[in-house]
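Here the sequence shown stands for residues 26 to 156, where the numbers follow the working numbering.
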Amino acid sequence: KAREGSLGLALRVDAKEQLDATVSGTADWSGTEEDLRASMTVSNKQRERLHMAMTADGDSRNKAREGSLGLALRVDAKEQLDATVSGTADWSGTEEDLRASMTVSNKQRERLHMAMTADGDSRNKAREGSL
Numbered sequence: 026k027a028r029e030g031s032l033g034l035a036l037r038v039d040a041k042e043q044l045d046a047t048v049s050g051t052a053d054w055s056g057t058e059e060d061l062r063a064s065m066t067v068s069n070k071q072r073e074r075l076h077m078a079m080t081a082d083g084d085s086r087n088k089a090r091e092g093s094l095g096l097a098l099r100v101d102a103k104e105q106l107d108a109t110v111s112g113t114a115d116w117s118g119t120e121e122d123l124r125a126s127m128t129v130s131n132k133q134r135e136r137l138h139m140a141m142t143a144d145g146d147s148r149n150k151a152r153e154g155s156l
């Protein structure tokens with residue numbers, strides 16, 4: 026369930042090298058680390074110009090779901106982004122009727138976190154609840 030490959034391109038004009046590029050990539054959905062891993066690297070004259078890598082992982086139990094996405098980006102071999110978006114949703118009713126949260130991190134620092142709960146009850150014609 027893993028694939029990898031590369032493509033090379035060389036270009037000379039008037040016997041002068043203009044381009045000596047390689048594009049390589051991998052994709053792995055074997056589940057050994059995350060559910061999905063993929064990456065792509067673009068190099069020119071043996072120097073990394075662009076590298077992107079992403080991961081996706083998730084889990085579901087009963088009525089609860091959780092998962093995360095990761096994205097890393099390097100330009101000219103300098104890290105630009107190392108971000109993770111993770112979240113959960115649980116409507117199993119063990120604590121509240123619904124719990125949900127989302128966190129966005131970059132370079133292992135939390136940048137945004139949101140969480141919410143919803144709970145309610147209905148008896149006869151009376152309704153009550155909270156968010």
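We put the CB at the ideal spot given by N, CA and C, even for glycine.
Fill in: Where the beta strand (DSSP E) through Glu-59 begins and ends
Premise fails: Glu-59 is in no beta strand (DSSP E) and is neither H nor E.
Worksheet item: Pick from Gly-92, Arg-99 and Gly-30: whose alpha carbon is nearest that of Gly-112?
Response: With distances taken between Cα atoms, Gly-112 lies closest to Gly-92.
Discussion item. Taking 7 Å as the threshold (C-beta atoms), are Leu-96 and Ala-81 in contact?
Written reply: The Cβ atoms of Ala-81 and Leu-96 do not sit closer than 7 Å to each other.
Item to complete: Could you tell me the distance, in whole angstroms, from the CA atom of Trp-116 to the CA atom of Val-67?
Response: C-alpha separation (whole angstroms): 43 Å.
Worksheet item: For Leu-98 versus Met-127, is the C-beta distance shorter than 7 Å?
Response: Contact flag unset, no.
Worksheet item: Are the beta-carbon atoms of Glu-121 and Asp-146 separated by less than 7 Å?
Response: No. Outside cutoff.
Worksheet item: What span of residues does the beta strand (DSSP E) with Gln-105 cover, start to end?
Response: Taken as a continuous stretch (DSSP letters only), the beta strand (DSSP E) holding Gln-105 covers 103-115.
Worksheet item: What does a CB cutoff of less than 8 Å around Gly-50 pick up in its chain, not counting 5 residues either side in sequence?
Response: Glu-29, Gly-30, Ser-31, Ala-63, Ser-64, Met-65 and Thr-66.
Worksheet entry | Own chain residues within Cβ distance below 6 Å of Asp-48, not counting five before or after | The sequence shown places Val at residue 48, rather than the Asp named in the question. The beta carbon of Val-48 is closer than 6 Å to those of Leu-32 and Val-67 in its chain, skipping five residues each way along the sequence.
Discussion item. Taking only three categories from DSSP, how would you classify Ala-89?
Written reply: Ala-89: strand per DSSP, three-state reduction.
Worksheet item: Going by beta carbon distance, what residues of the same chain come within less than 6 Å of Val-110, once the five residues before and after it are set aside?
Response: Only Leu-94 and Val-129 meet the Cβ criterion.
Worksheet item: Of all the options Ala-46, Trp-54, Leu-34 and Glu-42, which has the alpha carbon lying nearest to the alpha carbon of Lys-26?
Response: The alpha carbon of Lys-26 has as its nearest neighbour, out of Ala-46, Trp-54, Leu-34 and Glu-42, the alpha carbon of Trp-54.
Fill in: Limits of the beta strand (DSSP E) - the one that Glu-29 falls within
Residues 27-38.
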